[in-house]
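Below is one structure, written out as structure tokens; the observations come after it.
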Amino acid sequence: ICLVSGTQETIAHLDRTYYLLGYMPDQSKLYLIDKELNVIPQTLHLALVEYLSAIMRQDFDAAAGFLAQLPETMHNRVARFLENQGYASEALEISKDDEHRFELATQLGKLQMAADIIVKISSQEHSMPARSKWKQLGDVALEQGDFLLARRCFGEAKDLGALFLLHTAAGDAASLAETAKLAQGAGIANIAVLCCLLLGDCRGALDVLVKANRLPEAAFFAKTYCPSGLAEIVKTWKEDLSQVNQAVAECLADPVAYPDLFPDFQLSLAAEKAFEARMQQRPPLAASYMEEKEWQDMDVIEEVRRLSPEGFERMLLR
Numbered sequence: 007i008c009l010v011s012g013t014q015e016t017i018a019h020l021d022r023t024y025y026l027l028g029y030m031p032d033q034s035k036l037y038l039i040d041k042e043l044n045v046i047p048q049t050l051h052l053a054l055v056e057y058l059s060a061i062m063r064q065d066f067d068a069a070a071g072f073l074a075q076l077p078e079t080m081h082n083r084v085a086r087f088l089e090n091q092g093y094a095s096e097a098l099e100i101s102k103d104d105e106h107r108f109e110l111a112t113q114l115g116k117l118q119m120a121a122d123i124i125v126k127i128s129s130q131e132h133s134m135p136a137r138s139k140w141k142q143l144g145d146v147a148l149e150q151g152d153f154l155l156a157r158r159c160f161g162e163a164k165d166l167g168a169l170f171l172l173h174t175a176a177g178d179a180a181s182l183a184e185t186a187k188l189a190q191g192a193g194i195a196n197i198a199v200l201c202c203l204l205l206g207d208c209r210g211a212l213d214v215l216v217k218a219n220r221l222p223e224a225a226f227f228a229k230t231y232c233p234s235g236l237a238e239i240v241k242t243w244k245e246d247l248s249q250v251n252q253a254v255a256e257c258l259a260d261p262v263a264y265p266d267l268f269p270d271f272q273l274s275l276a277a278e279k280a281f282e283a284r285m286q287q288r289p290p291l292a293a294s295y296m297e298e299k300e301w302q303d304m305d306v307i308e309e310v311r312r313l314s315p316e317g318f319e320r321m322l323l324r
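Each residue of the sequence shown is one higher than the last, beginning at 7 in my numbering.
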């Protein structure tokens with residue numbers, strides 16, 4: 007430990023007790039001895055001590071002169087010292103360690119520089135995946151309102167949850183569709199289904215559930231949103247369930263084979279057809295939210311029964 011302007015600076019970590027013999031300035035060596043009379047040298051640049059002292063005195067002109075005398079191998083150590091003293095910007099200029107520079111750039115709000123550093127780290131041979139750094143930078147960019155950079159960062163990090171949040175907040179349908187594909191490829195069915203639902207692609211959401219082998223969920227989803235696909239889903243579910251319990255599988259009812267168990271099934275098919283026609287002709291805009299909100303409490307089956315399938319479709323398309 008070296009005492010510099012009233013603060014302690016660690017020179018080296020030793021595994022036993024040593025005693026100080028002396029210091030040779032011309033060699034930049036500190037000589038120590040142990041109880042067995044073994045002498046060991048420790049490197050201690052006088053310019054480093056002078057530099058640390060100058061920084062503590064806030065004599066930055068003198069510090070710059072001493073820094074020029076230090077080898078680049080010591081710059082990372084100097085940068086850590088500067089950061090501890092609250093001089094993060096100066097530490098960023100001196101540090102040669104990309105990991106440290108990334109932390110400093112993020113701390114200072116220099117987000118584009120931080121992104122460039124991540125790219126540099128990723129390009130190095132045998133480097134570890136930088137997803138955690140992209141995620142960290144994306145969170146900071148989101149906090150600072152830099153949505154373009156946040157989108158890039160979350161894309162590099164494969165953070166589909168964050169991408170889903172960004173795209174839904176921005177109303178970016180094209181990017182939301184791309185996120186749905188990425189989520190399905192990554193096996194994250196919940197995000198893929200939500201993306202499809204927000205895009206009005208009920209058939210796509212149903213396909214996601216089927217491919218994820220979530221057949222019970224797919225069956226109930228189809229009954230509510232895609233009744234035209236319910237028969238096929240029930241058939242697939244029965245085949246899958248019969249491998250486990252044949253008796254339970256036989257209890258599943260197909261609405262086509264047992265129409266008496268699904269009295270409003272034909273009305274739900276008509277409602278599905280009407281909503282599909284509306285999505286193809288005139289998808290609802292965000293500006294029409296208040297009008298759309300009033301329809302949330304609509305009893306769709308009762309409206310189809312009251313207006314007839316043709317009348318219900320005309321109402322939706324008007």
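C-beta atoms are modelled at their ideal positions from N, C-alpha and C, and glycine is treated no differently.
Considering only the alpha carbon of each residue, which of the options lies closest to residue i?
i: Glu-308; options: Ala-293, Glu-300 and Ala-277; result: Ala-277
i: Ser-34; options: Asp-165, Leu-212, Phe-281 and Leu-54; result: Leu-54
i: Phe-153; options: Phe-72, Leu-258, Leu-169 and Asp-246; result: Leu-169
i: Asp-21; options: Phe-72, Leu-38 and Gly-235; result: Leu-38
i: Ser-101; options: Ala-293, Ser-129, Leu-76 and Arg-311; result: Leu-76
i: Ile-46; options: Leu-204, Tyr-25 and Ala-70; result: Tyr-25
i: Ala-74; options: Tyr-231, Ala-186 and His-51; result: His-51
i: Val-262; options: Ala-237, Lys-217 and Ala-97; result: Ala-237
i: Val-216; options: Leu-205, Lys-241, Asp-270 and Gly-206; result: Lys-241
i: Arg-311; options: Gly-177, Asn-44 and Gln-272; result: Gln-272
i: Ala-18; options: Tyr-231, Leu-27 and Leu-36; result: Leu-36
i: Phe-66; options: Thr-23, Phe-108, Tyr-93 and Glu-42; result: Tyr-93
i: Asp-32; options: Leu-98, Leu-43, Pro-269 and Thr-49; result: Thr-49
i: Glu-256; options: Val-250, Lys-244, Ala-198 and Pro-265; result: Lys-244
i: Arg-324; options: Ala-121, Met-304 and Pro-289; result: Pro-289
i: Ala-283; options: Ser-59, Asp-207 and Met-304; result: Asp-207
i: Asp-40; options: Tyr-29, Thr-23 and Met-30; result: Thr-23
Determine the DSSP secondary structure at residue i, reduced to helix, strand or coil.
i: Gln-48; result: strand
i: Met-119; result: helix
i: Ile-1; result: Absent from the structure is residue 1, since the part of the chain shown begins at 7 and ends at 324.
i: Tyr-264; result: coil
i: Met-304; result: coil
i: Lys-102; result: coil
i: Lys-35; result: strand
i: Gly-317; result: helix
i: Leu-205; result: coil
i: Tyr-25; result: strand
i: Ile-7; result: Reliability fails at Ile-7, whose pLDDT of 48 lies under 50, so the model's placement of it is uncertain and the value that follows must be treated cautiously. Coil, per DSSP.
Buried or exposed: which applies to residue i, given that a residue is buried once 16 or more other Cβ atoms fall within 10 Å of its Cβ?
i: Gln-190; result: buried
i: Glu-149; result: exposed
i: Lys-139; result: buried
i: Gly-151; result: exposed
i: Leu-267; result: exposed
i: Thr-112; result: buried
i: Leu-27; result: exposed
i: Leu-43; result: exposed
i: Gly-235; result: buried
i: Glu-109; result: buried
i: Phe-226; result: exposed
i: Thr-185; result: buried
i: Val-250; result: exposed
i: Arg-63; result: exposed
i: Gly-161; result: buried
i: Ala-180; result: exposed
i: Val-214; result: buried
i: Val-254; result: exposed
By Cβ distance below 6 angstroms, which residues in the same chain neighbour residue i in space, the five residues on each side in sequence not counted?
i: Ala-280; result: Phe-318, Glu-319 and Leu-322
i: Gly-210; result: Cys-202
i: Tyr-57; result: Ala-69, Phe-72 and Leu-73
i: Glu-96; result: Leu-88
i: Ile-239; result: Ala-224, Ala-225 and Ala-228
Could you round the C-beta distance between residue i and residue j to whole angstroms and report it? I think they count as a contact, below 8 angstroms.
i: Ile-61; j: Leu-88; result: 7 angstroms
i: Ser-274; j: Pro-233; result: 4 angstroms
i: Leu-166; j: Ile-194; result: 6 angstroms
i: Thr-174; j: Leu-204; result: 6 angstroms
i: Ala-293; j: Gly-177; result: About 11 angstroms; that fails the 8 angstroms criterion.
Near residue i, what residues of its chain come up, given a Cβ to Cβ distance below 8 angstroms and the 5 sequence neighbours on each side ignored?
i: Trp-301; result: none
i: Ala-192; result: Lys-164 and Leu-166
i: Met-285; result: Gly-206
Suppose the cutoff is 7 angstroms on Cβ atoms and the five residues either side in sequence are ignored; what does the same chain contact list for residue i look like?
i: Asp-104; result: Ile-123, Lys-126 and Ile-127
i: Ala-147; result: Leu-117, Leu-155, Ala-156 and Cys-159
i: Ala-163; result: Arg-137, Trp-140, Lys-141 and Gly-144
i: Leu-98; result: Arg-107, Leu-110, Ala-111 and Leu-114
Indicate, with yes or no, if the ligand ADP has a heavy atom lying under 7 angstroms from the CB of residue i.
i: Glu-56; result: Of the ligands one can find in the structure shown there are none, so the ligand ADP has no counterpart to examine.
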